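In our numbering, the protein residues as written are 7 to 153.
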C-alpha cells in the first residue's frame, strides 16, 4: 500500500507541478503562485512561501536556487519522515516525540520569515505581493465605494 502511495505522489508531482513558468496556460499544470492559500487570500507571502519551488529545484539538483527560494525547505521533509517512520527508526521517534525540536524549528521558521520579509518584500520572488488576492480586491471595492 505504501509503495502505491509513493508512486501516486511521484506521479502527482511530475504531472501537475509546472516548474518552467509561474503563469501556466496548460490545463494539466498548477501555476506555483496559486498553491499558497494564504497568499491567495491575504496577498502576503506565508512563512512557507517558496517551499514548493525549493523542492522542485532540488529535484533538478539546483541547490543554490533551492536555498534561495526557501533556506529551510529541508525541515518539513525531516518532520514528515519522522512522522511516517517514527515506529521504524529511533531518531525519527525521538524527533516526533520531542516538542523542543518542533518548537525550535517553528521559531527558526518565524525568524527566517521576518528576515526574508524585510529583505525581499515586495520586489523579489517568492516574496511579492499578490494583487489578485481576495483581500486586495475587497479593499479596492470598499475604497471605490467610499470615494
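For glycine and all other residues, C-beta sits at the position ideal for the given N, C-alpha and C.
Note that the structure is a prediction, hence the values are computed from the model and not measured.
9 Å Cβ cutoff met for residue i and residue j
{"i": "residue 133", "j": "residue 123", "result": "yes"}
{"i": "residue 76", "j": "residue 60", "result": "yes"}
{"i": "residue 141", "j": "residue 48", "result": "yes"}
{"i": "residue 45", "j": "residue 53", "result": "no"}
{"i": "residue 81", "j": "residue 111", "result": "yes"}
Residues near residue i in its chain [Cβ-Cβ closer than 6 Å; skip 5 each side]
{"i": "residue 71", "result": "63"}
{"i": "residue 99", "result": "92"}
Residue i versus the options, residue with shortest Cα-Cα distance
{"i": "residue 102", "options": "94, 85, 143 and 109", "result": "85"}
{"i": "residue 119", "options": "46, 79, 106 and 136", "result": "79"}
{"i": "residue 74", "options": "94, 136 and 131", "result": "131"}
{"i": "residue 57", "options": "148, 42 and 8", "result": "42"}
{"i": "residue 55", "options": "135, 150 and 148", "result": "135"}
Start-to-end residues for the alpha helix (DSSP H) that takes in residue i
{"i": "residue 110", "result": "105 to 126"}
{"i": "residue 131", "result": "Unbroken run through residue 131: none, as it is neither H nor E."}
Proximal residues to residue i (C-beta, below 8 Å), its chain only, five neighbours per side dropped
{"i": "residue 137", "result": "49"}
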